Amino acid sequence: KFHRSLHGLSRSLINNLVEGVFSGFEKILEIKGVGYRAALEGEKMVIQIGYSHPVNIEPPKGIQFEVEKQKIIKVKGIDKQLVGETAAKIRYINETVRKKVGKTGAK
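Residue numbering for the sequence shown follows the numbering used here, beginning at 16 and increasing consecutively.
See the structure below:
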């Protein structure tokens with residue numbers, strides 16, 4: 016049973032490698048907020064998200080960034096796991112805490 020699960024894992028990893036080489040992987044992130052924007056400076060991406068300073072993000076080897084209309088970030092590459100990790104890191108850099116509406120007591 017253990018060997019069957021390893022076979023499935025190996026098959027999906029090899030499938031992801033082949034799919035990445037032929038078509039590549041892409042994650043799309045959207046920046047929401049007034050005055051929030053992203054821009055490319057060469058390879059690195061500069062994001063302005065409400066801090067007093069712009070945030071610079073260097074892409075890992077094998078990853079490319081694309082920015083459309085200053086609000087949409089595309090993370091592209093051939094390694095599915097690395098694309099997902101990079102998109103998650105960008106998301107957590109830009110993560111905002113949403114405040115929930117307080118409960119109002121019925122009188």
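The beta-carbon is built from N, C-alpha and C at its ideal position, and this holds for glycine as well.
Keep in mind the model is a prediction, meaning the values are calculated, not measured.
Answer with yes or no whether the minimum CB distance from residue i to chain C is below 7 angstroms.
| i | result |
| --- | --- |
| Ala102 | Protein chain content of the structure displayed is limited to a single chain, and chain C is not contained in it. |
In three-state DSSP terms, what is residue i?
| i | result |
| --- | --- |
| Ile105 | helix |
| Gly65 | coil |
| Gln79 | strand |
| Lys95 | helix |
Beta carbon of residue i: closer than 6 angstroms to some heavy atom of the ligand FAD?
| i | result |
| --- | --- |
| Ile87 | By its list of ligands, the structure shown contains no ligand whatsoever, and the ligand FAD lies outside what it can speak to. |
Can you say whether residue i is buried or exposed, counting buried as having 16 or more other CB atoms within 10 angstroms of its CB?
| i | result |
| --- | --- |
| Val36 | exposed |
| Phe40 | buried |
| Ala103 | exposed |
| Val43 | According to the sequence displayed, residue 43 carries Ile and not Val. Exposed, because fewer than 16 other Cβ atoms sit within 10 Å of the Cβ of Ile43. |
| Phe17 | exposed |
| Thr101 | buried |
| Val98 | buried |
| Ile105 | buried |
| Ile88 | buried |
Report all residues from its chain with a CB closer than 6 angstroms to the CB of residue i; omit the five preceding and five following residues, and keep chain order.
| i | result |
| --- | --- |
| Gln63 | Arg52 and Pro69 |
Round the Cβ separation of residue i and residue j to the nearest angstrom and send it over; I've been treating them as touching at under 8 angstroms.
| i | j | result |
| --- | --- | --- |
| Glu81 | Lys95 | With a Cβ gap of about 17 angstroms, Glu81 and Lys95 do not count as contacting. |
| Lys86 | Glu45 | 6 angstroms |
| Lys59 | Ile78 | Between Ile78 and Lys59 the Cβ distance is about 11 angstroms, and since that is not below 8 angstroms, they are no contact. |
Could you pull out every unbroken beta strand (DSSP E) segment of at least 3 residues lying fully inside the segment 19 to 57, listed in chain order? Every beta strand (DSSP E) of 3 residues or more that sits fully in the segment 19 to 57 is shown, in chain order, as 40 to 45 and 52 to 56.
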